[in-house]
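Heads up: the structure comes next, in structure tokens.
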Amino acid sequence: MLESFVTGFLVSGGIIVAIGAQNAYVLGQAVRRQHHWWSAGLCMSSDVLLLSAGMFGVGALLLTAPEAMNVLRWLGVIFLAWLAGQALYRAVQGRVGLDAAASDGRTRRQVLLATLAVTILNPQVYLDTLLLIPSVGAQQESAGLFLAGAASASVTWFSLLAWGGAALSPWLSRPLAWRAIDGVIGVMMAAIAVQLAVQPPVA
Numbered sequence: 008m009l010e011s012f013v014t015g016f017l018v019s020g021g022i023i024v025a026i027g028a029q030n031a032y033v034l035g036q037a038v039r040r041q042h043h044w045w046s047a048g049l050c051m052s053s054d055v056l057l058l059s060a061g062m063f064g065v066g067a068l069l070l071t072a073p074e075a076m077n078v079l080r081w082l083g084v085i086f087l088a089w090l091a092g093q094a095l096y097r098a099v100q101g102r103v104g105l106d107a108a109a110s111d112g113r114t115r116r117q118v119l120l121a122t123l124a125v126t127i128l129n130p131q132v133y134l135d136t137l138l139l140i141p142s143v144g145a146q147q148e149s150a151g152l153f154l155a156g157a158a159s160a161s162v163t164w165f166s167l168l169a170w171g172g173a174a175l176s177p178w179l180s181r182p183l184a185w186r187a188i189d190g191v192i193g194v195m196m197a198a199i200a201v202q203l204a205v206q207p208p209v210a
């Protein structure tokens, strides 16, 4: 029984930890200390809901709606390109260092909407959480414990991103450091957008 939990944790963790748009966005918010726990919490909740749906067979519906997946794919490309452009613009123009009292004006609602968009506009998220991970779970002795392990991996990872990014922020107070952070995030977002555009996810 414990083996099912550990398998779920390792399989889900191995997929979630891979650097993606969602992780980059949450980490950026954490370094800014800007509604980062809300952002991370939304990612955790989304993963748990999608994984649960996948374990109950909802993922099979994806295979019957290739047009919808293609629309999501191109919306994701556009949104990721927009985020990349913003980050790269900040990297070129520069901005003030980290200031707990300063903000770029984003409200909690705006951060949550952006987090949701980064999550739902990536078709790979659905293939991973609704098809790939549940397909492994279906072979386990306890599907419930496998799901608990998979969900725990998501909660653990996004908690680490939120906590770790915020913990590092005092050492990232210089404008040059912010340029580097924005530059890295911008390049990552752009690379993911290009990959999504030229190489559609395959179930």
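In the numbering used here, the protein residues as written are 8 to 210. Every residue, glycine too, gets a C-beta built ideally from N, C-alpha and C. Since the structure is predicted, the reported quantities are computational estimates derived from the model, not experimental observations.
Item: Below 8 Å between beta carbons: does that hold for residue 126 and residue 118?; Value: no
Item: Under 8 Å by Cβ, that's how I've got residue 165 and residue 51 pegged, so tell me the actual separation to the nearest angstrom.; Value: 5 Å
Item: Could one say the Cβ of residue 21 lies closer than 8 Å to chain C's Cβ atoms, at least one of them?; Value: The structure shown contains no chain C, having only a single protein chain.
Item: Should residue 199 be labelled buried (16 or more other beta-carbon atoms within 10 Å of its own) or exposed?; Value: buried
Item: How would you label residue 174, buried or exposed, when you count the other beta carbons within 10 angstroms and need 16 or more for buried?; Value: exposed
Item: For the alpha helix (DSSP H) containing residue 30, name the first residue and the last one.; Value: 28 to 39
Item: When you compare the CB positions of residue 193 and residue 121, do they come within less than 8 Å of one another, or not?; Value: no
Item: Can you tell me whether DSSP reads residue 148 as helix, strand or coil?; Value: coil
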